[in-house]
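Chains X and H, in that order, give the protein sequences. Note that our numbering numbers the first sequence so that position 52 is 52, with each residue one more than the last. Note that our numbering numbers the second sequence so that position 188 is 188, with each residue one more than the last. The structure under discussion appears below in the form of structure tokens.
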Amino acid sequence: MSYTKRPDGRKFDETRKIKIQLGVVPNADGSALFAFGDTIAIAAVYGPKPLHPQHLQDPSKGIVRCNYDMLSFSVSERKRPGPSRRSSEISKVTEWALSNVINLEEFPNTVVDVHIQVIQANASTRVAGINAASLALAQAGVPMKELVAAVSIGKIDDKICVDLIKEEEDYEDGEGATDIPMAFLPKSGEIVLIQLDGKTSPEKLREAIEAGEKACREIAKKQEEALKEAKG
Amino acid sequence: MIKQEENNIESERKIVVPGEIIISGNDFLPGEGTRREGRDIVASRYGLAEISGRLVKIIALSGIYMPRRGNVIIGKVNDITFNGWVMDINAPYLAFLPAAECPRFISKDDIASCYSIGDMLVAKVDNVKSKGVDLTIKPKGLGKLDDGLVIQVNSNKVPRVIGREGSMVNLIKQETNCDIVVGQNGIIWIKGNKIEDELFAKEVIMFVTEKSHLNGLTERVEEYIRKRK
Numbered sequence: 001m002s003y004t005k006r007p008d009g010r011k012f013d014e015t016r017k018i019k020i021q022l023g024v025v026p027n028a029d030g031s032a033l034f035a036f037g038d039t040i041a042i043a044a045v046y047g048p049k050p051l052h053p054q055h056l057q058d059p060s061k062g063i064v065r066c067n068y069d070m071l072s073f074s075v076s077e078r079k080r081p082g083p084s085r086r087s088s089e090i091s092k093v094t095e096w097a098l099s100n101v102i103n104l105e106e107f108p109n110t111v112v113d114v115h116i117q118v119i120q121a122n123a124s125t126r127v128a129g130i131n132a133a134s135l136a137l138a139q140a141g142v143p144m145k146e147l148v149a150a151v152s153i154g155k156i157d158d159k160i161c162v163d164l165i166k167e168e169e170d171y172e173d174g175e176g177a178t179d180i181p182m183a184f185l186p187k188s189g190e191i192v193l194i195q196l197d198g199k200t201s202p203e204k205l206r207e208a209i210e211a212g213e214k215a216c217r218e219i220a221k222k223q224e225e226a227l228k229e230a231k232g
Numbered sequence: 001m002i003k004q005e006e007n008n009i010e011s012e013r014k015i016v017v018p019g020e021i022i023i024s025g026n027d028f029l030p031g032e033g034t035r036r037e038g039r040d041i042v043a044s045r046y047g048l049a050e051i052s053g054r055l056v057k058i059i060a061l062s063g064i065y066m067p068r069r070g071n072v073i074i075g076k077v078n079d080i081t082f083n084g085w086v087m088d089i090n091a092p093y094l095a096f097l098p099a100a101e102c103p104r105f106i107s108k109d110d111i112a113s114c115y116s117i118g119d120m121l122v123a124k125v126d127n128v129k130s131k132g133v134d135l136t137i138k139p140k141g142l143g144k145l146d147d148g149l150v151i152q153v154n155s156n157k158v159p160r161v162i163g164r165e166g167s168m169v170n171l172i173k174q175e176t177n178c179d180i181v182v183g184q185n186g187i188i189w190i191k192g193n194k195i196e197d198e199l200f201a202k203e204v205i206m207f208v209t210e211k212s213h214l215n216g217l218t219e220r221v222e223e224y225i226r227k228r229k
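Here is the structure:
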């Protein structure tokens, strides 16, 4: 039996319902909430501000620091709070993805801190976090090349699915599940993040990237709309 | 000058997001917050795009305060060095106030006697260098704030808090019997006879920042004050 129907009845190229809210953290310089259905991430941006310790400063440009965390109540089994191997990896890849668009040459020796908190998780948390962070950075007035849009693509058995949920990630029949989170710059088409958990053939990967690019364009459109409605 | 621009907006201005093409054509020049990509002028940050003649620039809607020469700001003394004070002015960089700016003569070993750590000062931005900001307190009306209430608002809302030729802040001063100093960096000092007056002034200022995008804000504020009294 092959994978013909998704557990929540979505089409294979359909994302969950996207919800965007700006300015959710009043004390931050910029903040945003981004939700893929019941995966909800909040990003708060602080800075540019002076960077300490001083040896981390870069006199040619400002730097970005990311911090991704899943709150203990975000999953059904209580997650041990605090940083973990997983969260520091995701912080790092998010930082790398975002540093492709952020342009801090006007702010040497400073830092922009991005804090991403996942308050409810049902897979695809890192991409929800990147989408939230991109919106929060824009709202904070940080100079950027363009917005970043991210989506998780899955190969469930032999089907390419957009925006995975936990149930699909755990699918074991046939070829099993492969999770490929990716982040695009929708205007230039560059890939700024791609990870792969599972196995896939090069052809299927190519197909997944195409599906990802298409989904990211739609997400970017939603991000733009949200920013235009917010009026600061 | 910000106030003049507010008259002929709406039609000329639109909200842009980073990466969006504002206008294309070789006749236009990229200004603040924009860049040129081939024939297009592209937004580098989120804000209102304004095309004035050939120049295209972006007016920020949110984000941090960037110091400019001539801005009157309120800052807090962070550190004392042998020749002046290091101040936090709510910007990406710390600011420096040289000891020579002090209104009276002070000896080199006794800088703390003039202003000590934690004091709030009204100062003017004298110079913005590639790294750091220099302040002055020589012009009239600047100097130490002794007591009162200090609040912080988004620095992009400061023009609305001040209003056209100071109309908004004068209205709030009159209605609440408070003395108010609005720093361009978004820090506002309020001093009234009673703490209730100060809190009321704070409430009105917060109302202004929340409703800053609306037209006829002064009338709305008048109504709000009437209702609250």
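Backbone N, C-alpha and C fix where the C-beta goes; we use that ideal spot for every residue, glycine too.
Check	Outcome
Closest residue to residue 195 (chain X) among X:218, X:180, X:189 (Cα-Cα distance)	X:180
Distance, residue 229 (chain X) Cα to residue 69 (chain H) Cα	33 Å
Nearest to residue 82 (chain H) (by Cα), restricted to the options H:74, H:100, H:66, H:72	H:100
Proximity test, Cβ basis, 9 Å: residue 107 (chain X) and chain H	yes
Proximity winner among X:202, X:201, X:209, relative to residue 185 (chain X) (alpha-carbon distances)	X:209
Cβ pair count under 8 Å reaching 3, the segment 39-48 of chain X against the segment 93-112 of chain X	yes
Contact belief for residue 217 (chain H) with residue 204 (chain H) at Cβ below 8 Å, rounded distance in angstroms	With 8 Å as the limit, residue 217 (chain H) and residue 204 (chain H) do not qualify as a contact, their Cβ atoms being about 11 Å apart.
Contact between the segment 53-66 of chain H and the segment 126-143 of chain X (3+ Cβ pairs under 8 Å)	yes
First through last residue of the alpha helix (DSSP H) which encompasses residue 137 (chain X)	125-139
Alpha-carbon spacing of residue 169 (chain X) relative to residue 132 (chain X), whole angstroms	22 Å
First and last residue of the uninterrupted beta strand (DSSP E) at residue 70 (chain X)	63-70
Chain-ordered chain H contacts of residue 131 (chain X) [CB-CB under 7 Å]	What residue 131 (chain X) touches in chain H: nothing, since even the nearest Cβ is about 13 Å away.
Completely contained beta strand (DSSP E) runs for the segment 2-85 of chain X, where each covers 3 or more residues	18-22, 30-36, 39-50, 63-70
Spatially closest choice to residue 69 (chain X) from X:115, X:19, X:161, X:183, by CA coordinates	X:115
For residue 191 (chain H): DSSP bridge partner residues	H:179
7 Å Cβ shell around residue 159 (chain X) - same chain, five flanking residues per side excluded	3, 12
Min CB distance residue 29 (chain X) to chain H below 9 Å	yes
CB contact check: residue 224 (chain X) to chain H, cutoff 9 Å	yes
Per-residue DSSP class, three states only, for residue 153 (chain H)	coil
Cα-Cα separation between residue 97 (chain X) and residue 91 (chain X), rounded to whole angstroms	10 Å
Neighbouring residues, chain X, relative to residue 63 (chain H) (Cβ below 8 Å)	29, 30, 139, 140, 141, 142
Extent of the continuous alpha helix (DSSP H) to which residue 108 (chain H) belongs	Element bounds for residue 108 (chain H): n/a, residue is neither H nor E.
Counted within 10 angstroms of its Cβ, other Cβ atoms place residue 117 (chain H) as buried (16 or more) or exposed	exposed
DSSP state of residue 172 (chain X) mapped onto helix, strand, coil	coil
Beta-carbon spacing of residue 102 (chain X), residue 144 (chain X) below 9 Å	yes
Neighbour flag for residue 227 (chain X) against chain H, beta carbons, 9 Å	yes
Where residue 162 (chain H) falls: helix, strand or coil (DSSP)	helix
Contact under 9 Å by Cβ, residue 199 (chain H) with residue 145 (chain H)	no
Chain-ordered residues of the segment 78-93 of chain H with a beta carbon less than 7 Å from chain X	92, 93
Rounded distance between the beta-carbons of residue 148 (chain X) and residue 183 (chain X), thought under 8 Å	5 Å
Three-pair Cβ contact test at 8 Å for the segment 125-144 of chain H versus the segment 27-46 of chain H	no
Within chain X, partners of residue 159 (chain H) - CB distance below 8 Å	Under the 8 Å cutoff, chain X gives no residues; its nearest Cβ is about 13 Å from residue 159 (chain H).
Euclidean distance between Cα positions of residue 17 (chain X) and residue 163 (chain X)	10 Å
Run of the beta strand (DSSP E) containing residue 226 (chain H), from where it starts to where it stops	Note, residue 226 (chain H): premise wrong, no beta strand (DSSP E); alpha helix (DSSP H) at 217-228.
Pair within 9 Å by beta-carbon distance, residue 137 (chain H) and residue 92 (chain H)	no
Members of the segment 14-28 of chain H that neighbour chain X once the beta carbon cut-off is set at 7 Å	15, 17, 18, 19
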